[in-house]
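Residue numbers for the sequence shown follow this note's numbering, so the first one is 113 and each next one is one higher.
Working notes, structure below.
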Amino acid sequence: MQALKFTLSGTNAFFKKPEVNTYCYFTYGQIHKVALLGILGSIVGYKGYGYEGTYPQFYEKLKKLKVSIVPQNPQGYIQKKVQVFNNTVGYASQEQGGNLIVREQWLERPVWDIYVLMESKEAEKIAEMILKRKCVYIPYLGKNDHLADIYDAKIVELESLSCKNAILSCLYIKKDGKLNIADEDDEDDEEDIPEFKYEEKLPVGLDSQLNLYEYETFCYTNMKVTLKEKEIFKTEDSTLVFY
Numbered sequence: 113m114q115a116l117k118f119t120l121s122g123t124n125a126f127f128k129k130p131e132v133n134t135y136c137y138f139t140y141g142q143i144h145k146v147a148l149l150g151i152l153g154s155i156v157g158y159k160g161y162g163y164e165g166t167y168p169q170f171y172e173k174l175k176k177l178k179v180s181i182v183p184q185n186p187q188g189y190i191q192k193k194v195q196v197f198n199n200t201v202g203y204a205s206q207e208q209g210g211n212l213i214v215r216e217q218w219l220e221r222p223v224w225d226i227y228v229l230m231e232s233k234e235a236e237k238i239a240e241m242i243l244k245r246k247c248v249y250i251p252y253l254g255k256n257d258h259l260a261d262i263y264d265a266k267i268v269e270l271e272s273l274s275c276k277n278a279i280l281s282c283l284y285i286k287k288d289g290k291l292n293i294a295d296e297d298d299e300d301d302e303e304d305i306p307e308f309k310y311e312e313k314l315p316v317g318l319d320s321q322l323n324l325y326e327y328e329t330f331c332y333t334n335m336k337v338t339l340k341e342k343e344i345f346k347t348e349d350s351t352l353v354f355y
């Protein structure tokens, strides 16, 4: 089996949390699947939320795509900073002068390796565009202020692992696996490497009625994980699960 691999990065990113809309707008700490599908959809030319259908066109076309997201920032943590700026368009605010002070929390220099499973015509179409360094619409990281940088694209071979226990390189859905906490007296541990676990609830899809986010809790760790039903794949330098 094969997958498209590319590195996705930017100076900043802003994947807005819809729950908060006063004083400051907050961002998710990682790119989530819906945002990633939006980027891939823009590359091949699919429309967004103005599309007349049950879902935005990019999601309608790409919702069955299987992806794996590998954080490249240390321990999966991306620094955040609140930016304050003015929105001076006339309709931004009812205050005198029409000036709206905006506060947004931005991710600082995020980097991910993205894998897209090559098992559909849509995946092949995306791979062809990215490998040829082409796009219909300019991809950005959550907001058109934050241009996306896509590079090191290639097709990689995937080897299916027979074991259900591995140290994963990617984010995985928490309910799909169980952490194996290392024993302090385990003689197999040749190096004293500090263990870490990053956890966050992220969108995985859209509701068909209102197009609201559907969520799952994700983990990223350097500890071994026992997966219940998910298939584990191995590349030259990564151990992955797709969702």
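C-beta atoms are modelled at their ideal positions from N, C-alpha and C, and glycine is treated no differently.
Counting the other CB atoms within 10 Å of its CB gives isoleucine 267 a total below 16, which places it among the exposed residues. Residue range 145-156 is occupied by the alpha helix (DSSP H) that includes valine 146.
Between the alpha carbons of tyrosine 325 and serine 180 lies a gap of roughly 19 Å. Collapsing the DSSP output to three states places lysine 117 in a strand.
For a cut-off of 8 Å, the C-beta gap from valine 353 to isoleucine 238 is around 20 Å, too long to register as a contact.
The criterion of a C-beta distance shorter than 9 Å is satisfied by glutamate 328 and leucine 314. The region 190-268 contains, as complete alpha helix (DSSP H) runs of 4+ residues, the segments 233-243 (chain order). Distance between aspartate 288 and glutamate 341, taken at the CA atoms: about 7 Å.
One thing to note: phenylalanine 126 has its Cβ within 9 Å of the Cβ of leucine 219. Using a Cβ distance threshold of 9 Å, phenylalanine 118 and leucine 149 do not count as a contacting pair. Within its own chain, the residues whose Cβ lies closer than 7 Å to the Cβ of lysine 128, once the five positions on either side in sequence are excluded, are Tyr137, Thr139, Gly254, listed in chain order. A direct Cα-to-Cα measurement between leucine 270 and tyrosine 135 gives close to 46 Å. Distance from leucine 273 to valine 337 at the Cβ level is roughly 12 Å; contact not present, criterion being Cβ atoms closer than 8 Å.
Counting along the chain, the unbroken beta strand (DSSP E) around glutamate 326 starts and ends at 325-333.
For the pair asparagine 256 and asparagine 124, the Cα-to-Cα distance works out to about 11 Å.
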